[in-house]
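Student:
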Amino acid sequence: MDINCAEACVNGCVLGDQCPHLPYREAASRFIQDTPIDKILEIAKDSEQERFAKFLERSSSLPSQLE
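Each residue of the sequence shown is one higher than the last, beginning at 27 in this note's numbering.
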């Protein structure tokens, strides 16, 4: 069965044990349960800084006519 999880599973997985993403869901649950909140926030902050640096890098490579 092919479903769009982002739409169909808004209120929880509709496929239950048949969900093809079950291993990922279990791994994410373990990560959240086993990782201190401070570490999760540190990971998020590092990711945000990386995305911003990539954004600045792309922005600086735009032709000067567009500025």
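Using N, Cα and C, we set each Cβ at its ideal position, and we do this for glycine too.
This structure is a prediction, so every number in the text was calculated from the model and none was measured.
For the putative contact between Val40 and Ala32, defined by C-beta atoms under 8 angstroms, what is the C-beta separation to the nearest angstrom?
Tutor: Counting from one through the sequence shown, the residue named residue 40 turns up at place 14. Counting from one through the sequence shown, the residue named residue 32 turns up at place 6. Rounded, the Cβ-Cβ distance is 12 angstroms, inconsistent with contact.
Student: Consult DSSP for Gly38 and reduce its assignment to one of helix, strand or coil.
Tutor: The sequence position of residue 38 within the sequence shown is 12, counting from 1. Three-state DSSP puts Gly38 in coil, outside helix and strand.
Student: Could you check the C-alpha separation between Lys71 and Glu52 for me, to the nearest Å?
Tutor: For the purposes of this step, residue 71 is taken as residue 45 along the sequence shown, with counting starting at 1. For the purposes of this step, residue 52 is taken as residue 26 along the sequence shown, with counting starting at 1. Going by the C-alpha atoms only, they are around 24 angstroms apart.
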